[in-house]
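> Next up is a structure, given as structure tokens.
2 protein chains.
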Amino acid sequence: MVQAPTRSTRQRQAVAELLAERTEFRNAQQIHAELRERGEKVGLATVYRNLGLLVQLGQVDMLQGADGEALYRQCGQRQHHHHHLVCRQCGKAVEVADPDLEQWARKLAVQHGFSEVSHTLELFGLCAECSRAAQAGDD
Amino acid sequence: MVQAPTRSTRQRQAVAELLAERTEFRNAQQIHAELRERGEKVGLATVYRNLGLLVQLGQVDMLQGADGEALYRQCGQRQHHHHHLVCRQCGKAVEVADPDLEQWARKLAVQHGFSEVSHTLELFGLCAECSRAAQAGDD
DNA sequence: CTTTTTGCAAATCTTTTGCACTCTA
DNA sequence: TAGAGTGCAAAAGATTTGCAAAAAG
Numbered sequence: 001m002v003q004a005p006t007r008s009t010r011q012r013q014a015v016a017e018l019l020a021e022r023t024e025f026r027n028a029q030q031i032h033a034e035l036r037e038r039g040e041k042v043g044l045a046t047v048y049r050n051l052g053l054l055v056q057l058g059q060v061d062m063l064q065g066a067d068g069e070a071l072y073r074q075c076g077q078r079q080h081h082h083h084h085l086v087c088r089q090c091g092k093a094v095e096v097a098d099p100d101l102e103q104w105a106r107k108l109a110v111q112h113g114f115s116e117v118s119h120t121l122e123l124f125g126l127c128a129e130c131s132r133a134a135q136a137g138d139d
Numbered sequence: 140m141v142q143a144p145t146r147s148t149r150q151r152q153a154v155a156e157l158l159a160e161r162t163e164f165r166n167a168q169q170i171h172a173e174l175r176e177r178g179e180k181v182g183l184a185t186v187y188r189n190l191g192l193l194v195q196l197g198q199v200d201m202l203q204g205a206d207g208e209a210l211y212r213q214c215g216q217r218q219h220h221h222h223h224l225v226c227r228q229c230g231k232a233v234e235v236a237d238p239d240l241e242q243w244a245r246k247l248a249v250q251h252g253f254s255e256v257s258h259t260l261e262l263f264g265l266c267a268e269c270s271r272a273a274q275a276g277d278d
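Line by line, the protein sequences are chains C and W. Numbering follows the numbering used here, in which position 132 of the first sequence is assigned residue number 132; successive positions increment by one, without gaps. All you need for the numbering used here is the position in the second sequence, starting with 1, plus 139.
Structure (structure tokens):
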């Protein structure tokens, strides 16, 4: 079982608030930097600790970016298992429903004698905005 | 375009051979250790360099394990995009076909204005053997 | 010989930890 | 005031990189 933090601190709130505002996936360092820019005095370790906490509480979604670093975001759908279509460039993300992978996975598992199956599925792409920006600027 | 290595070296062959033999996903360090055990004199950096090379050439599949480390394996299906059902414990893996994610992903992408979509999908579980072992020993 | 590869150690990078100190309840 | 929570710097891991020496063609 996951136990909720017992105390409310300025730092914890700051992290939670930041996540509540932005809908993009971002890594711990970006979040830390953004908090600093706002004048919040928070240590990087604390950001990591609180992000981990929020993830455990199911209040924040975490996924592994292409580079292997963890990306965080607060999602609307807290209950159901869902996936994301994430912009490689800016981190903007759309929550998408699970295309009955659940069943498919379970069936495959049985077929091959596997148990306790879980799956990871993420879609990466370029969002309209970034795509436009790319055409204009570089390339 | 990816360019093939120009020279064949003992170390490169050793890495390729090891991958050709085993069907489990394993990380670079494990591969390095295994080569050493066999008496092969190879540096860790070289293992990393060659694994990266093999991945670029499409001869080896790489995926991010749960802990974020890269796992490597040589797959039978070199052509088609496919996924894996991997044992969390021993790394044993089964190649599974893509459950028309391709289309689903493309459709979603269009709907949300995303382009150049790619996806990652991996199934993790406990293989029959490891499951048995777990029941017997620990737990 | 020329150029690719290697080995090793040092450098990166992300994330975690130890520990004394600071707040919350 | 007790103990959760924090900051900072050090530690841990995984992977990369610089560079001189070794090997391939």
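For every residue, glycine included, the Cβ atom is placed at its ideal position computed from N, Cα and C.
#1: Does the stretch 211 to 228 of chain W come close enough to the stretch 256 to 267 of chain W that 3 or more CB-CB pairs lie under 8 Å?
#2: Using a Cβ-Cβ cutoff of less than 6 Å, which residues in the same chain neighbour Asp-278/W once the five nearest sequence positions on both sides are dropped?
#3: How far does the beta strand (DSSP E) with Ser-131/C in it reach, from first residue to last?
#4: Quick one: grab the DSSP three-state call for Gln-198/W.
#5: Write down the C-beta distance between Phe-25/C and Leu-71/C rounded to the nearest angstrom, noting that I regard them as a contact closer than 8 Å.
#6: Assuming Ala-66/C and Arg-88/C form a contact by the criterion Cβ under 8 Å, report the distance between their Cβ atoms to the nearest whole angstrom.
#7: Three or more C-beta pairs under 8 Å: does that hold for the stretch 11 to 24 of chain C against the stretch 34 to 50 of chain C?
#8: Around the Cβ of Asp-61/C, are there at least 16 other Cβ atoms within 10 angstroms (buried) or fewer (exposed)?
#9: What are the start and end residues of the alpha helix (DSSP H) that includes His-32/C?
#10: Does the distance from the C-beta atom of Gly-207/W to that of Gln-56/C stay below 8 Å?
#11: Taking the alpha-carbon positions, what's the Ser-118/C to Leu-101/C distance?
#12: Quick check: what's the CA-CA separation for Lys-281/W versus Gln-29/C?
#13: Against chain W, which members of the stretch 100 to 120 of chain C pass a CB distance test of less than 8 Å?
#14: Any beta carbon from chain W within less than 8 Å of Ala-128/C's own beta carbon?
#15: Distance cutoff 8 Å, beta carbons only. Does Leu-123/C sit that close to anything in chain W?
#16: Just reading off the beta strand (DSSP E) that Val-96/C is part of, what are its end residues?
#17: Residues of chain W with CB closer than 9 Å to the CB of Cys-87/C, please, in chain order.
#18: For Val-94/C, return the contacting residues in chain W, with the cut-off set at a CB-CB distance below 7 Å.
#19: Considering only their Cβ atoms, is the gap separating Cys-130/C from Cys-75/C smaller than 8 Å?
According to the data block:
#1: yes
#2: In the second sequence, residue 278/W corresponds to position 139, counting from 1. With a pLDDT of 49 at Asp-278/W, under the threshold of 50, the predicted position of this residue should be treated as unreliable, though the coordinate-derived value follows. Answer for Asp-278/W: no residue qualifies.
#3: What you label residue 131/C is simply residue 131 of the first sequence in a count that begins at 1. No beta strand (DSSP E) holds Ser-131/C; the alpha helix (DSSP H) holding it covers 128 to 136.
#4: Translated into the one-based positions of the second sequence, residue 198/W becomes position 59. Coil at Gln-198/W, not helix or strand.
#5: As a position in the first sequence, residue 25/C is number 25, starting the count at 1. As a position in the first sequence, residue 71/C is number 71, starting the count at 1. Phe-25/C to Leu-71/C, Cβ: 4 Å. Contact.
#6: Taking the first sequence and counting its residues from 1, one reaches residue 66/C at position 66. Taking the first sequence and counting its residues from 1, one reaches residue 88/C at position 88. Yes, they are in contact, since the Cβ atoms of Ala-66/C and Arg-88/C sit about 7 Å apart, within 8 Å.
#7: Verdict: yes, contact present.
#8: If you number the first sequence from 1, residue 61/C lands on position 61. Answer is buried; the Cβ neighbour count reaches 16.
#9: For the purposes of this step, residue 32/C is taken as the residue at position 32 of the first sequence. 28 to 37 is the span of the alpha helix (DSSP H), which, as asked, contains His-32/C.
#10: Position 68 of the second sequence, counted from the first residue, corresponds to residue 207/W. Position 56 of the first sequence, counted from the first residue, corresponds to residue 56/C. Contact flag unset, no.
#11: As a first step, residue 118/C must be located in the first sequence, where it is residue number 118. As a first step, residue 101/C must be located in the first sequence, where it is residue number 101. If I take the Cα positions, the gap works out to 10 Å.
#12: Chain W is shown from 140 up to 278; residue 281/W falls before or after that span and cannot be answered.
#13: Leu-101, Trp-104, Ala-105, Leu-108, Ala-109, His-112, Gly-113, Phe-114, Ser-115, Glu-116, Val-117, Ser-118, His-119, Thr-120
#14: Reading the first sequence from its first residue, position 128 is the one you call residue 128/C. Interface residue, yes.
#15: As a first step, residue 123/C must be located in the first sequence, where it is residue number 123. By this cut-off, Leu-123/C is an interface position.
#16: In the first sequence, the residue the question calls residue 96/C occupies position 96. Element bounds for Val-96/C: 93 to 96.
#17: Against the first sequence, residue 87/C aligns to sequence position 87. Phe-253, listed in chain order.
#18: Looking up residue 94/C in the first sequence gives position 94. Chain W residues near Val-94/C: His-251.
#19: Here residue 75/C corresponds to residue number 75 of the first sequence, with the count starting at 1. Here residue 130/C corresponds to residue number 130 of the first sequence, with the count starting at 1. Result no, Cβ atoms of Cys-75/C and Cys-130/C do not sit closer than 8 Å.
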